[in-house]
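Residue numbers (the working numbering): 470 to 772.
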């Protein structure tokens, strides 16, 4: 689509069921399927460049650094594919708990290192070229007697500023990590399945109970908490201009101030709900609703 007008530039019908969203690098797009495939598509024309068969469902967007494409499958495997040919280069097989959330985190790739969260509550840094482990850290520790109580998946989107990596787990913690060596910088107890974002010196997370929390990147604790959206199954908070947006299960997009969390407006984007990560460019917010509609909103100041 043309991001300014919404005009369709091309569309291609594929002989497979897409499931994992879209990853991008340069003029290449990467798609995952529920049949365990990864596709590389030309971003300008939609031409399929290659397709590689994997064993597990790909429920998160594959990512790349221009040399290797990383795909995280539902069965706990992380696989590195050659950027040009799609050839399988290496596989890392993690231990998957008996019970997990349905989903898997998308790799966060920076230069030659890929950072990935797993259903075990661990984050690992990999050499993207070889699959070698650079470091690993436990973000959440399974607790409780039942398998449900012990679910600590890291399924949501991670974020990074400079050498600091931010991640949140279900029934666990939000944590800041030194990306160079895996050292914990700070942590707070929280339970989230939608991931984190950052802006205005804050790290944002939507708790499973519907609270939106801004933690200071400096590690000095909460800056503010917005509790008016309780139990609305919120999407990952998305910074846009000086505001922060979240979607909910009824399809509303709520906008609040990044400074103090004050709610400043809302709009119903999709009556079927908004679950996918939203994307912002400058002061425009792109929302993909559960019904399949893509909507662009211009976010302007009240002044």
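Don't be surprised by glycine CBs; every beta carbon is placed ideally from N, CA and C.
Exercise for the section: Output the distance between the C-alpha atoms of residue 738 and residue 502, rounded to the nearest integer angstrom. Expected result: Their backbone Cα atoms lie some 26 Å apart in a straight line.
Problem - Beta-carbon proximity of residue 562 to residue 545, cut-off 8 Å - result: Going by C-beta atoms, residue 562 is nearer than 8 Å to residue 545.
Exercise for the section: Please classify residue 470: is it buried, with 16 or more other beta-carbons within 10 angstroms of its beta-carbon, or exposed? Expected result: Exposed is the call here.
Exercise for the section: Output the boundary residues of the beta strand (DSSP E) element that contains residue 579. Expected result: Where residue 579 is concerned, the enclosing beta strand (DSSP E) stretches over 577-579.
Exercise for the section: Output the boundary residues of the beta strand (DSSP E) element that contains residue 647. Expected result: Here the beta strand (DSSP E) through residue 647 covers 641-647.
Exercise for the section: Could you tell me the boundaries of the beta strand (DSSP E) in which residue 546 lies? Expected result: 546-551 is the extent of the beta strand (DSSP E) around residue 546.
Practice task
Quick one: residues in its chain with C-beta nearer than 8 Å to the C-beta of residue 735, no 5 flanking neighbours on either side, listed in chain order?
Solution key: Result list for residue 735: 721, 722, 723, 724, in chain order.
Problem - Cα-Cα separation, residue 767 to residue 637 - result: Going from the Cα of residue 767 to the Cα of residue 637 covers about 29 Å.
Handout entry: Anticipated Cβ contact below 8 Å, residue 627 with residue 584, distance rounded
Key = Between the beta-carbon of residue 627 and that of residue 584 there is about 6 Å, and that keeps the pair under the 8 Å contact cut.
Practice task
For residue 650, count neighbouring Cβ atoms within 10 angstroms of its own Cβ and tell me buried if that reaches 16, exposed if not.
Solution key: Its Cβ having fewer than 16 others within 10 Å, residue 650 is exposed.
Exercise for the section: In the DSSP assignment, find the beta strand (DSSP E) that holds residue 595 and state where it starts and stops. Expected result: Element bounds for residue 595: 591-596.
Practice task
Drop a sphere of 10 angstroms on the beta-carbon of residue 676, count the other beta-carbons inside from all chains shown, and report buried for 16 or more, exposed for fewer.
Solution key: By the Cβ-count criterion, residue 676 is buried, with 16 or more other Cβ atoms from all chains shown falling within 10 Å of its own Cβ.
Handout entry: Proximity winner among 602, 497, 599, 641, relative to residue 618 (alpha-carbon distances)
Key = Among 602, 497, 599, 641, the Cα nearest to that of residue 618 belongs to 641.
Exercise for the section: Measure from the alpha carbon of residue 669 to the alpha carbon of each residue in 540, 730, 490, 588, then state which is nearest. Expected result: Residue 730 is the option with its Cα nearest to residue 669.
Practice task
Look at the alpha carbon of residue 574 and the alpha carbon of residue 639, and state the distance between them as a whole number of angstroms.
Solution key: Using only the alpha carbons, I get a separation of about 12 Å.
Practice task
Have a look at the DSSP bridge pairing and note the partners of residue 605.
Solution key: Per DSSP, 593.
Handout entry: Through-space distance from residue 476 to residue 608, alpha-carbon basis
Key = Between residue 608 and residue 476, the C-alpha separation is close to 42 Å.
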